[in-house]
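K.L.:
The first sequence runs 0 to 407 under this note's numbering.
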Amino acid sequence: MVGVGEVCGWSCLVWEVDSRSVVNGKKKNISGDRAGGRLEDSGVTRRRRRGLLGWYRKHFRALPWRVEPGRGRAPGSRKQHPNPYHVLVSEAMLQQTQVATVIDYFKRFVDEFSTIQALADADEQGVLRAWQGLGYYRRARNLHAAARRIVEDHAGQIPDSVDALLSLPGVGRYTAGAITSIAYGQRVPVVDGNVARVLARWHGISEAVDTTPVIKKLWQLAGHHVPKSRPGDFNQAVMELGALVCRPGVPDCGACPVARDCHAHQTGQASALPVLTKKAAPKKVTHHTLAVRHGRRYLFVQRPEKGLWSKMWELPTAERLAGRPGGDQLCAWADRQLGLRIDSPRRVSGFTHQTTHRRIDFVIWTATAKSSMNTKGEWRALGRLNDLPLAKPQTRAIAAIQADEITD
DNA sequence: AAGACGGGGTA
DNA sequence: TACCCAGTCTT
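#1: Assuming R186 contacts V161 under a Cβ cut-off of 8 Å, what Cβ separation, rounded to an integer in Å, is found between them?
#2: Does the count of Cβ pairs from the stretch 248-262 and the stretch 335-342 closer than 8 Å reach three?
#3: Quick check on DSSP: helix, strand or coil for L298?
#4: Check whether the stretch 81-101 and the stretch 118-136 are in contact - that is, three or more C-beta pairs closer than 8 Å.
#5: So, does the stretch 347-363 touch the stretch 376-388, judging by three or more C-beta pairs under 8 Å?
#6: Check each candidate in A290, S309, T354, K310 and name the one with the smallest Cα separation from A333.
#7: Among L164, V189, D159, which has the Cα closest to the Cα of N141?
#8: Determine the extent of the beta strand (DSSP E) in which R137 is found, giving its start and end residues.
#9: Apply the 10 Å Cβ neighbour rule to T351 and answer buried if 16 or more other Cβ atoms are within range, or exposed otherwise.
#10: G322: which of H286, L307, I178 sits nearest, CA to CA?
#11: Return the Cβ separation of L52 and F299 in integer angstroms, given the expectation that the two are a contact with Cβ distance under 8 Å.
#12: Helix, strand or coil for W332? Go by DSSP, reduced to three states.
#13: State the DSSP-derived secondary structure class of T212, mapped to helix, strand or coil.
#14: Return the residue from the list T365, G349, Q353 that minimises the CA-CA distance to S343.
#15: Tell me which residues share the same chain as K106 and place their Cβ nearer than 7 Å to its Cβ, disregarding the 5 neighbours each side in the sequence.
#16: Give a yes or no on whether the C-beta atoms belonging to S231 and G184 are separated by under 8 Å.
#17: Hey, how far is the Cα of G253 from the Cα of Q265?
#18: How would you label S180, buried or exposed, when you count the other beta carbons within 10 angstroms and need 16 or more for buried?
#19: Going along the chain, which residues of its own chain have a beta-carbon closer than 8 Å to the beta-carbon of R302, five neighbours each way excluded?
#20: Do you know how far the Cα of L127 is from the Cα of A154?
#21: Kindly indicate which three-state DSSP category S180 falls into: helix, strand or coil?
#22: Can you tell me whether DSSP reads D342 as helix, strand or coil?
#23: Would you decide whether M238 is buried or exposed? Buried here means 16 or more other CB atoms lie within 10 Å of its CB.
#24: With a threshold of 16 other CB atoms inside 10 Å of the CB of S203, please say whether the residue is buried or exposed.
#25: May I have a chain-ordered list of the beta strand (DSSP E) segments no shorter than 3 residues that lie completely inside the stretch 246-309?
The following block contains the structure:
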């Protein structure tokens, strides 16, 4: 940890000085040179911790991977920390995904894969299937690979050091901090979107928080805020505050336990912070999904190792047909890409699917195969897809085909 | 440093 | 629409 001196006797003025030094983009010593200054000695810091933990004890959400805060500290009681495996799974699911979305996925996942060993023993398709609908499917494959590594290299114990955790696929600085602090009670900070927002407001950070020097500063700040006692509760409390009170847009400062020690609130800037850099608009594209029927079954293929929806299954989909192709183009495409002769494709429906980087118009076609000869892919009845992981637009396409079958 | 990677909640 | 979510990895 880089030494941060100039945070002793914290004041907003100190940050204003620091932040100016950050903004020219140079990695100068933004923390100042005075060694040994400890934020924990600051009255403001102690007050923030106290206010935050008191608030958290009252307002925390009961979540399936969480232990009641502060519990188990009395002599003779157990279970001070949650199951490290549960923390690993939940943190993987929570990456860029809201708590409310994760809850049911988490329950089903640990029900099906109840231990790290069980997860390691599973096959990747099964793990992807359990992840279906959650998005960012690379997370599922990384988690599965991590489980195998943990069983192989760590005797099935989730590592308790940041370095060992960072070497696992899909575990970055945030997740390593979450596991070490929450599951193992170590004084390690976390910075996620919530923490960044809270810190930007507490300290009146007016530079964009998604640039390298400011991110570095946020980790330093978080490292000085996290207490030795109950670091996991503290980290979760900051994130919970960010999710419930110190929300994006207009925060509920009237409900905030630390508003008196928040620079943004005191100066009326809370709703203006944090500042984020603008992201590129999604690209507009069209995908043509072709439901090729042979008897009662349809052809499904698996997507490649990399890229969008990697290793998920789908009805064959043409992603770069120019213009507004007709049935002839679809026939040619099926011949070329699938080695399949089909009869007169018919357009049955369409919908739009939005991801972070693409706005995809899906056009759904159906056609009959002249034979089921095909080296790759599987022929499946639509009622027997339970073992195939399918991304969202594919489930919509399949629903459209089923509806079309009925009205046929 | 900038993009890719999903899907849903919220205003 | 646009933003943002208990981020990580690749280019």
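We put the beta carbon where it would ideally sit given N, CA and C, even for glycine.
P.N.:
From the atom records:
#1: Here residue 186 corresponds to residue number 187 of the first sequence, with the count starting at 1. Here residue 161 corresponds to residue number 162 of the first sequence, with the count starting at 1. 11 Å between Cβ atoms; not a contact.
#2: no
#3: For this step, residue 298 is matched to residue 299 along the first sequence. Residue state, collapsed to three classes: strand.
#4: yes
#5: The answer is no - the stretch 376-388 does not touch the stretch 347-363, with fewer than three Cβ pairs under 8 Å.
#6: Residue numbering aside, residue 333 sits at position 334 when the first sequence is read from its first letter. For the residues A290, S309, T354, K310, the minimum Cα distance to A333 belongs to A290.
#7: Along the first sequence, read from residue 1 onward, the residue named residue 141 stands at position 142. Nearest of L164, V189, D159 to N141, Cα basis: L164.
#8: Locating residue 137 in the first sequence gives position 138, where the first residue counts as 1. Taken as a continuous stretch (DSSP letters only), R137 belongs to no beta strand (DSSP E), being part of the alpha helix (DSSP H) at 137-152.
#9: Position 352 of the first sequence, counted from the start, is the residue given in the question as residue 351. Classification of T351: exposed, given that the 10 Å Cβ count is below 16.
#10: Translated into the one-based positions of the first sequence, residue 322 becomes position 323. Comparing Cα positions, the closest option is H286.
#11: Here residue 52 corresponds to residue number 53 of the first sequence, with the count starting at 1. Here residue 299 corresponds to residue number 300 of the first sequence, with the count starting at 1. About 51 Å; that fails the 8 Å criterion.
#12: As a working mapping, residue 332 is identified with position 333 in the first sequence. The answer is helix: DSSP assigns W332 an H, G or I state.
#13: Within the first sequence, residue 212 is the residue found at index 213, counting from 1. It is worth fixing the name first, because residue 212 is Pro in this sequence and not Thr. Note: P212 maps to helix in three-state DSSP.
#14: Residue numbering aside, residue 343 sits at position 344 when the first sequence is read from its first letter. Among T365, G349, Q353, the Cα nearest to that of S343 belongs to T365.
#15: As a first step, residue 106 must be located in the first sequence, where it is residue number 107. Taken in chain order, the residues that qualify are P63.
#16: Sequence index remark: in the first sequence, residue 231 carries index 232 (1-based). Sequence index remark: in the first sequence, residue 184 carries index 185 (1-based). According to the sequence shown, residue 231 is Gly rather than Ser. Taking 8 Å as the Cβ cut-off, G231 and G184 qualify as a contacting pair.
#17: Here residue 253 refers to the residue found at position 254 of the first sequence. Here residue 265 refers to the residue found at position 266 of the first sequence. Distance between the alpha carbons of G253 and Q265: 12 Å.
#18: Taking the first sequence and counting its residues from 1, one reaches residue 180 at position 181. Buried, because 16 or more other Cβ atoms sit within 10 Å of the Cβ of S180.
#19: To locate residue 302, count along the first sequence from 1; it is residue 303. So the qualifying residues of the chain are W308, S309, K310, M311, W312, E313.
#20: In the first sequence, residue 154 corresponds to position 155, counting from 1. In the first sequence, residue 127 corresponds to position 128, counting from 1. Answer to the nearest angstrom: the Cα atoms are 24 Å apart.
#21: Locating residue 180 in the first sequence gives position 181, where the first residue counts as 1. The answer is helix: DSSP assigns S180 an H, G or I state.
#22: What you label residue 342 is simply residue 343 of the first sequence in a count that begins at 1. In the structure shown, D342 sits in a strand (DSSP, three-state: E or B).
#23: Along the first sequence, read from residue 1 onward, the residue named residue 238 stands at position 239. M238 is buried by the Cβ-count criterion.
#24: For the purposes of this step, residue 203 is taken as the residue at position 204 of the first sequence. Before going on, a small fix: residue 203 reads as Gly here, not Ser. G203 should be labelled buried.
#25: 282-293, 296-301, all fully within the stretch 246-309.
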